[in-house]
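Q:
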Amino acid sequence: MEQNQTSPVRWGILGTGRIARIFCHTLQALPQAEIYAVGSRSQEKAESFGREQGAAVHYGSHAEFVNDEKIDIVYVATPIGSHYGDVKRCLLAGKHVLCEKAFTRTSEEAQELYALAKERNLFLMEAMWTKCQPVYRKIMEWKRDGMFGKIQGVEARFYTCATKDHRLMKDKNQGGALLDLTIYPMMYACSLLGYEPKHISAMAVKGKDEVDVMDSIQFSYSDGSFASLTGGLACQRQVSLYIHGTKGRVLLEQEHFYKAQKASLIDWDNQPIEEFDGAFSVDGYEYEAIEAMECIRRGRTGSALAPIEETLKLISLMEECKKQWS
Ligand SMILES: NC(=O)c1ccc[n+]([C@@H]2O[C@H](COP(=O)([O-])OP(=O)(O)OC[C@H]3O[C@@H](n4cnc5c(N)ncnc54)[C@H](OP(=O)(O)O)[C@@H]3O)[C@@H](O)[C@H]2O)c1
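For the sequence shown, our numbering assigns the number 319 to the initial residue and increments by one for each residue that follows.
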C-alpha cells in the first residue's frame with residue numbers, strides 16, 4: 319500500500335499521556351506529517367488533547383478511532399499491557415502502526431501481530447527511537463567496520479526513581495523495570511553482540527504485585543563475549559553504556575546513551591580515533607517518525623533501521639529473563 323508522495327502523512331495518535339504529547343511535539347516540526355486524529359478512552363480527553371495538538375478529529379472510543387479511513391498510520395502510545403489489543407485493532411482496521419516500546423508482554427502476542435501485519439501487507443514497527451538516531455547508527459557502522467576490534471563486553475544500566483504509585487510500580491501487566499527501562503541496555507547489547515546469547519542469567523528484586531523493581535541480567539556468548547545489564551525503578555537516575563572492544567571504546571557526551579547526540583571512538587590510550595556529532599534536528603523522536611513515514615510511502619511492511627524481527631527476538635529474551643525470576 320504505497321502512499322501519495324506529496325500530501326502529508328495523516329497520523330492518528332492513540333493515547334493522550336506523556337509520550338503521546340512529546341511525540342506530537344515532534345510531529346509538529348515535520349512538514350511531511352499531519353496530526354490528524356486523536357483516540358482516547360474518554361471523549362473529554364480526546365477533545366482537549368486533540369485541540370491542543372491541532373488534530374482535525376477526536377475520538378472518545380478506540381473502536382471509532384481505528385475505523386476512520388483517513389488515518390494513514392497510528393502511533394500507539396498506550397501502556398504496555400494495552401499494546402497487543404490496540405495494535406491488533408489497528409491492523410484489523412487496515413492501519414499501519416508505530417507502537418511504543420515494549421511492543422508486547424509476550425512472544426506469542428508479538429508473533430501474532432507480526433503475522434497479521436504481514437498477512438495484511440501493513441507496516442509495523444516498535445517505536446525503538448534509539449535505533450533510528452544518528453549516534454546509534456554511527457556506533458553500528460563502527461562495529462560493522464571493525465573499528466572496535468573484537469567487542470569483548472557490553473555493560474549498560476538504566477536506573478530511575480519512580481514513586482510508589484507510578485504505573486510501572488503498581489501493576490505487573492503495565493510495566494516493571496524490564497519492559498520499560500532494562501529493555502534499552504538489552505537492546506544495545508543485542509545490537510552489538512547478537513540476539514543469541516549462549517547463556518542467560520537473570521535476577522530481579524520484586525515489589526508490589528510481583529513487579530520487577532530492579533533487574534540484573536548477564537549474557538554470555540559462544541565467542542567469549544559478555545553483557546552485564548541492569549535496570550531499576552528504585553534508584554537515583556543513572557544511565558550509562560560501556561562498549562569494550564580490543565581496539566577501542568566509545569565515549570558518549572551524554573550519559574543517557576539511548577538518546578546520545580555525540581560519540582567519540584577512542585583507543586585504549588585515550589587517543590581519539592573518530593568523533594561524531596549527531597545533533598538532533600528536533601528532539602530525537604523525529605528519526606523514528608521519518609523512518610515510519612518513509613517506509614509507508616515506499617510500501618514497506620517493516621523498517622530496516624528497527625526491524626520488527628529484532629523486536630520479536632528481544633521480547634523472547636525478555637520472556638526468558640522473566641521465566642528465570644518467576
Ligand atoms: N520512547 C520513549 O522515550 C518512551 C518514553 C515514555 C514512555 N514510553 C512508552 O510509551 C507508552 C506510554 O507511556 P506514557 O509514559 O506515555 O504513559 P501514560 O502517561 O500513562 O499515558 C498512557 C496513555 O494511554 C492511554 N491508556 C489506554 N489504556 C490505558 C490503560 N489501561 N491505563 C492507562 N492509560 C491507558 C491513556 O490515554 P487516555 O486516557 O486518553 O485513553 C494514557 O494517557 C509505554 O509503552 C511506555 O513504555 C516510551
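C-beta atoms are modelled at their ideal positions from N, C-alpha and C, and glycine is treated no differently.
Could you give the first and the last residue of the continuous beta strand (DSSP E) run that contains Ile633?
A: The residue you call residue 633 lines up with position 315 of the sequence shown. Element bounds for Ile633: not the beta strand (DSSP E) but the alpha helix (DSSP H), 626-643.
Q: Taking the continuous alpha helix (DSSP H) assigned at Ser400, which residues delimit it?
A: Locating residue 400 in the sequence shown gives position 82, counting from the first residue. Note, Ser400: alpha helix (DSSP H), 398-410.
Q: Residue ranges of each alpha helix (DSSP H) run of no fewer than 4 residues wholly in the region 324-350, ordered along the chain?
A: 336-346
Q: Taking Leu510 as the reference, give the member of Glu437, Lys640, Ala474 with the closest Cα.
A: Within the sequence shown, numbered from 1, the residue matching residue 510 stands at position 192. When only C-alpha atoms are compared, the closest one is Ala474.
Q: Going by CA-CA distance only, name the one from Phe367, Gly566, Gln492 that's closest to Pro397.
A: Locating residue 397 in the sequence shown gives position 79, where the first residue counts as 1. Nearest of Phe367, Gly566, Gln492 to Pro397, Cα basis: Gln492.
Q: Excluding five sequence neighbours on each side, which residues of the same chain lie with their C-beta closer than 7 angstroms to the C-beta of Lys526?
A: Translated into the one-based positions of the sequence shown, residue 526 becomes position 208. So the list reads Met487, Lys488, once near-sequence residues are dropped.
Q: What three-state label does DSSP hand Ser314 in the structure shown?
A: Look at the range of the chain in this structure, 319 to 644, and you will see that residue 314 is not part of it.
Q: Given a threshold of 16 other Cβ atoms within 10 Å of its Cβ, counted over all protein chains shown, does Cys408 qualify as buried or as exposed?
A: Counting from one through the sequence shown, the residue named residue 408 turns up at place 90. Classification of Cys408: buried, given that the 10 Å Cβ count is 16 or more.
Q: Any heavy atom of ligand 1 closer than 7 angstroms to the Cβ of Thr629?
A: The residue given as residue 629 occupies position 311 in the sequence shown. Outside the cutoff, so no.
Q: How many Å lie between Ala347 and Tyr539 at the Cα?
A: Reading the sequence shown from its first residue, position 29 is the one you call residue 347. Reading the sequence shown from its first residue, position 221 is the one you call residue 539. If you take the alpha carbons of Ala347 and Tyr539, they lie about 42 angstroms apart.
Q: Going by CA-CA distance only, name the one from Lys631, Tyr603, Glu638 that's closest to Glu418.
A: The sequence position of residue 418 within the sequence shown is 100, counting from 1. For Glu418, the nearest C-alpha among the options comes from Tyr603.
Q: Would you mind listing the beta strand (DSSP E) stretches within the region 559-590 that are 3+ residues and don't spill past its ends, in chain order?
A: 566-570, 580-585
Q: CB His376 to CB Ile391, shorter than 8 angstroms?
A: Taking the first residue of the sequence shown as 1, we reach residue 376 at position 58. Taking the first residue of the sequence shown as 1, we reach residue 391 at position 73. One thing to note: His376 has its Cβ no nearer than 8 angstroms to the Cβ of Ile391.
Q: Using a Cβ distance threshold of 8 angstroms, determine whether the region 434-447 contacts the region 606-614, with at least three qualifying pairs required.
A: Judged by Cβ distances under 8 angstroms, the region 434-447 makes contact with the region 606-614, as three or more pairs qualify.
Q: Quick check: the Cα distance between Gly563 and Trp643, rounded to an integer number of angstroms?
A: Position 245 of the sequence shown holds residue 563. Position 325 of the sequence shown holds residue 643. About 31 angstroms.
Q: Who are the near neighbours of Phe367 in its chain, counting only those whose CB is closer than 6 angstroms to its CB and skipping five residues on each side?
A: Position 49 of the sequence shown, counted from the start, is the residue given in the question as residue 367. Here the set comprises Thr334, Val356.
Q: For Leu635 and Arg485, what's the separation of their Cα atoms in angstroms?
A: For the purposes of this step, residue 635 is taken as residue 317 along the sequence shown, with counting starting at 1. For the purposes of this step, residue 485 is taken as residue 167 along the sequence shown, with counting starting at 1. Taking the straight line from one Cα to the other gives about 23 angstroms.
Q: Would you check if the distance between the CB atom of Gly412 and the CB atom of Leu442 is smaller than 8 angstroms?
A: The residue labelled residue 412 in the question sits at position 94 within the sequence shown. The residue labelled residue 442 in the question sits at position 124 within the sequence shown. Against a cut-off of 8 angstroms, the Cβ pair of Leu442 and Gly412 comes out as no contact.
Q: To which residues of the same chain is Lys524 closer than 7 angstroms at the C-beta, ignoring the five residues directly before and after it?
A: Residue numbering aside, residue 524 sits at position 206 when the sequence shown is read from its first letter. The beta carbon of Lys524 lies closer than 7 angstroms to those of Asp530, Val531 in the same chain, with the five residues before and after it left out.
Q: Count the other C-beta atoms from every protein chain shown that fall within 10 angstroms of the C-beta of Phe601, then say buried if there are 16 or more, exposed otherwise.
A: Position 283 of the sequence shown, counted from the first residue, corresponds to residue 601. Note that residue 601 is Asp in the sequence shown here, rather than Phe. Exposed: under 16 other Cβ atoms inside 10 Å.
Q: In this structure, does DSSP put Met446 in helix, strand or coil?
A: Here the question's residue 446 lines up with position 128 in the sequence shown. Met446 falls in the coil class under three-state DSSP.
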